[in-house]
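All residue numbers for the sequence shown refer to numbering that gives the first Met the number 0, where the first residue is 0 and numbers rise by one. Each residue gets a CB set at the ideal place from its N, CA and C atoms; glycine is no exception.
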Amino acid sequence: MKKAILSLDVEDWYHLDYFRRSECDTSQSLLDGLDRYVDLINELSLPSSFFVLGEIAEKKIGYLKNLVKLGHDVGSHGWDHRRPMTMSPKVFQADLHRCLSAMKIINGDRGFGYRAPCFSLDRERLEIVRRAGFAYDSSRINFGNHPLYGTIDMLGFQNISESIYKQGDFVEFEATTLPILGNNIPISGGGYLRIFPWLVMKSMIAQHLKKNDIYVFYIHPFELSPLPLPKIPASTSPLTRFRFSCGRTRVVDRVKKLTDLLQSRGYEFTTFSAVQQELASSAAG
Numbered sequence: 000m001k002k003a004i005l006s007l008d009v010e011d012w013y014h015l016d017y018f019r020r021s022e023c024d025t026s027q028s029l030l031d032g033l034d035r036y037v038d039l040i041n042e043l044s045l046p047s048s049f050f051v052l053g054e055i056a057e058k059k060i061g062y063l064k065n066l067v068k069l070g071h072d073v074g075s076h077g078w079d080h081r082r083p084m085t086m087s088p089k090v091f092q093a094d095l096h097r098c099l100s101a102m103k104i105i106n107g108d109r110g111f112g113y114r115a116p117c118f119s120l121d122r123e124r125l126e127i128v129r130r131a132g133f134a135y136d137s138s139r140i141n142f143g144n145h146p147l148y149g150t151i152d153m154l155g156f157q158n159i160s161e162s163i164y165k166q167g168d169f170v171e172f173e174a175t176t177l178p179i180l181g182n183n184i185p186i187s188g189g190g191y192l193r194i195f196p197w198l199v200m201k202s203m204i205a206q207h208l209k210k211n212d213i214y215v216f217y218i219h220p221f222e223l224s225p226l227p228l229p230k231i232p233a234s235t236s237p238l239t240r241f242r243f244s245c246g247r248t249r250v251v252d253r254v255k256k257l258t259d260l261l262q263s264r265g266y267e268f269t270t271f272s273a274v275q276q277e278l279a280s281s282a283a284g
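Next comes the structure, spelled out in structure tokens:
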């Protein structure tokens, strides 16, 4: 069965590592993009996974519990968007445990997952995620050209498909990339969907779909918010300003085009938790 997984990293614009947090006016929020995303997936009748920062989750317990009741998947994105690779293993473990209380209240007896900010995870820290009781992780991306991303060695994991790895009942999901001329190009993120011309993005995704049964997509609230951009710190580079602002007005239309493309190719929309549970059940049976 071909499967597509939509996901939202629930963070605000000032959590982005491209900005100096101390220079950001955190009273200006673009978190309304969360509501716009929920409205969009409800309009399309599609499930989604949500990875929520702990400092946001503890203020939105009821909202997030309702998402779970509606069949969505709510996992952790760390506490305040510090990258795990910048923390010692001990500090990272404490960061995870700080998030667990809200996750358990939101999910009840259901298993839940984790995605590292900026995909900043290695094998040592992946083991910390697994031992903390998470059912799955979605922090692996095969794109070594990005200075913030980590690299996760999957030695000892069973390769279930081109982007799913399993060890016991614990599952690792890899973000979708496309190999072009010896380099992997991320074709799963909202930034690429916003910035690349649609025909280019559509062509790259279509190439992936010809050979793969899994497609993973992720996006952020700031990309969906219709509000004007806040004042960006003066220290921000022109390239970062462009990446932050480009294409926000067309992103909802692009997401609709993306989901139409996936449905036309026979992909079933699901969540990370649902796939993890299916794999655990099939192993038990």
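- By the criterion of a C-beta distance shorter than 8 Å, W78 is surrounded in its chain by L52, G53, E54, D94, R97 and C98, once the five residues flanking it on both sides are discounted.
- Residue pairing by DSSP places L5 opposite F216 in a beta bridge.
- Rounded to the nearest whole angstrom, the CA to CA distance from N65 to S48 is 13 Å.
- Taking the Cα of I218 as reference, the smallest distance to any Cα among E42, F50 and Y135 is reached at F50.
- In chain order, D11 place their CB closer than 6 Å to the CB of S28, counting only its own chain and leaving out the 5 sequence neighbours on each side.
- In the DSSP annotation of this structure, the continuous segment of the alpha helix (DSSP H) that includes L208 starts and ends at W197 to K210.
- Pairing G112 with I194 gives a Cβ-Cβ distance that is not under 8 Å.
- Between the stretch 209 to 229 and the stretch 247 to 257 there are three or more inter-stretch CB-CB distances shorter than 8 Å, so the stretches are counted as touching.
- Cβ neighbours of N211 within its own chain (closer than 6 Å, five residues either side excluded): E161.
- A straight line joining the alpha-carbon of I104 with that of A233 spans about 40 Å.
- By the criterion of a C-beta distance shorter than 7 Å, P88 is surrounded in its chain by E123, R124 and I127, once the five residues flanking it on both sides are discounted.
- The continuous stretches of alpha helix (DSSP H) do not include S234, and DSSP gives it neither H nor E.
- Between the stretch 164 to 171 and the stretch 197 to 205, the count of C-beta pairs closer than 8 Å stays below three; the two stretches do not touch.
- Apart from the 5 residues on each side of it in sequence, T176 sits with its Cβ closer than 8 Å to the Cβ of I140, N141, F142, N183, I184, P185, I186 and S187 in its chain, given in chain order.
- Relative to D121, the option among F91, V37 and R109 whose CA is nearest is F91.
- Distance from the CA of S263 to the CA of R35, rounded to the nearest whole angstrom, comes to 24 Å.
- The DSSP-derived three-state label of N41 is helix.
- The beta strand (DSSP E) runs lying completely inside the stretch 58 to 120 and spanning 3 residues or more are 72 to 75, given in chain order.
- Linking S281 to M0 through their CA atoms gives a straight-line distance of about 14 Å.
- When the alpha-carbon of L15 is set against those of S137, P116, D152 and G32, the nearest one is in P116.
- Within its own chain, the residues whose Cβ lies closer than 8 Å to the Cβ of K59, once the five positions on either side in sequence are excluded, are V51, listed in chain order.
- In the structure shown, the three-state DSSP call for I179 is strand.
- By the 16-neighbour rule on beta-carbons within 10 angstroms, D38 is exposed.
- Under the DSSP assignment, Q166 falls in the beta strand (DSSP E) whose first and last residues are I163 to Q166.
- Sixteen is the threshold: when 16 or more other Cβ atoms of the shown chains lie within 10 Å of the Cβ of I40, as they do, the residue is buried.
- In the three-state scheme derived from DSSP, where H, G and I count as helix and E and B as strand, Q276 is classed as helix.
- Excluding sequence positions up to five before and after L223, its CB lies within less than 7 Å of the CB of G32, R35, Y36, V250 and V251, all in the same chain and listed in chain order.
- When rounded, the separation of the alpha-carbon atoms in K230 and F18 is 11 Å.
- Here Q157 has Y164, K165 and Q166 as same chain residues with Cβ atoms under 8 Å from its own Cβ, once five neighbours each way along the sequence are excluded.
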